[in-house]
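Residue numbers (mature numbering (1 follows the signal peptide of the UniProt record, and there is no 0)): -22 to -1, 1 to 319.
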């Protein structure tokens, strides 16, 4: 039995200095590639009626009638793209953050190669308030639609023994304290909003945390698993799923008090869950597997494309399912066609 969490307030906020695009270190723009649609793609999302995808070497692709690579201000690996209304945000390695109002023209909003850590997810709380999370507890916040960013340290997510350790180090040396603090939190891999407005944050080493609606307070939730989680989603019935390494998927209700292991027809890493507009819960995994959840039966493979890893999925405005991965972009229909005699 897992204990029901209660929110803790407060976080230690560490200013990086207001980071406007004009003040960021010099970044090298991404190069145009003739086969960008077939290259490593880590994230795909529907944005204001069209589709966006991001991936290796800062590549950004826009789909209106077909996929076209857009000019990108950074050549770092981009790991996640999300949209809210017309605004699109993408994040990636070197703490890169880029934004666009139409999907075709992109601006660099944050770039910190000296940090040597990637951002792994971005989430728009409203049209002005945005957060981005990543490796070793990276947590950035913008309150001006992504124009400037502040870095925060989520002290409330430390284990008590880790907080005590940091306090001891700080008493001896502020420099050593900052060095130790930079890597003491787990990787924050993904964030999603639940139906009641709360935020669910998952990550490395079984990390699960629940946050309030404006992401000002988080608390760890007792986890059913010690391996990493890469994704979380909630279906129309309110069931919450978290998934990650080696096909491990768990579900719980809105209380987050008891976890059930889900049967999954894969031992590959589950890279993303998606609650579809038709009420289905889908998952994509390493090994080229697309899986669908059924009550009482768990996650069963409905398509398989050997020789590739599927990393992300999203539905377009017509309901077509697009998949992104190690071999680029394809539809579900293309995937099934390739594996059906």
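Glycine residues also receive a C-beta, built at the ideal position from the N, C-alpha and C atoms.
- In summary, residue 247 is buried, with 16 or more beta-carbon neighbours lying within 10 Å of its beta-carbon over all protein chains present.
- Taking the Cα positions, residue 195 is about 8 angstroms away from residue 188.
- Distances from the alpha-carbon of residue 272 to those of 264, 260, 233 put 260 closest.
- Contact between residue 17 and residue 306 holds: CB atoms are separated by about 6 angstroms, below the 8 angstroms threshold.
- Among the bridge pairs identified by DSSP, residue 187 is matched with 179, 198.
- The alpha-carbon separation between residue 302 and residue 33 amounts to approximately 9 angstroms.
- Judged by DSSP secondary structure, residue 149 falls within the alpha helix (DSSP H) whose first and last residues are 138 to 150.
- Closest option to residue 216, judged by alpha-carbon separation, among 98, 207, 231: 231.
- According to DSSP, residue pairing for residue 87 in a beta bridge does not occur.
- Residue burial is scored here from C-beta neighbours: residue 233 has fewer than 16 other C-beta atoms within 10 angstroms and is therefore classed as exposed.
- Contiguous alpha helix (DSSP H) elements confined to the region 219 to 307 do not occur, taking only those with 4 or more residues.
- Pairing residue 279 with residue 253, the inter-Cα distance amounts to about 16 angstroms.
- Between residue 241 and residue 228, the CB-CB gap reaches or exceeds 7 angstroms.
- Counting C-beta pairs with one atom in each stretch, the region 28 to 45 and the region 76 to 91 have three or more that are closer than 8 angstroms, which means they touch.
- For residue 133, the secondary structure class from DSSP, reduced to helix, strand or coil, is helix.
- When secondary structure is reduced to three states using DSSP, residue 24 falls in the strand class.
- In the three-state scheme derived from DSSP, where H, G and I count as helix and E and B as strand, residue 313 is classed as helix.
- Assignment of residue 156 by DSSP, reduced to helix, strand and coil, places it in the helix class.
- Per DSSP, reduced to three states, the secondary structure at residue 92 is helical.
- Burial state of residue 250 is buried, judged by a 10 Å Cβ sphere holding 16 or more other Cβ atoms.
- Listed in chain order, the non-local C-beta contacts of residue 202 below 6 angstroms within the same chain comprise 228, 237, local neighbours out to five positions each way being set aside.
- Residue 63 counts as exposed, since fewer than 16 other C-beta atoms from the protein chains shown sit within 10 angstroms of its C-beta.
- Counting the other Cβ atoms within 10 Å of the Cβ of residue 182 gives 16 or more, which makes it buried.
- One alpha carbon belongs to residue 37, the other to residue 52, and they sit about 8 angstroms apart.
- Considering only 110, 8, 26, 21, the residue with the shortest C-alpha distance to residue 295 is 26.
- The region 131 to 149 and the region 90 to 110 do not touch, with fewer than 3 CB-CB distances between them shorter than 8 angstroms.
- With respect to residue 71, residue 55 sits close: the two C-beta atoms are nearer than 7 angstroms.
- Contact check for residue 57 against residue 96 passes: the beta carbons are separated by less than 7 angstroms.
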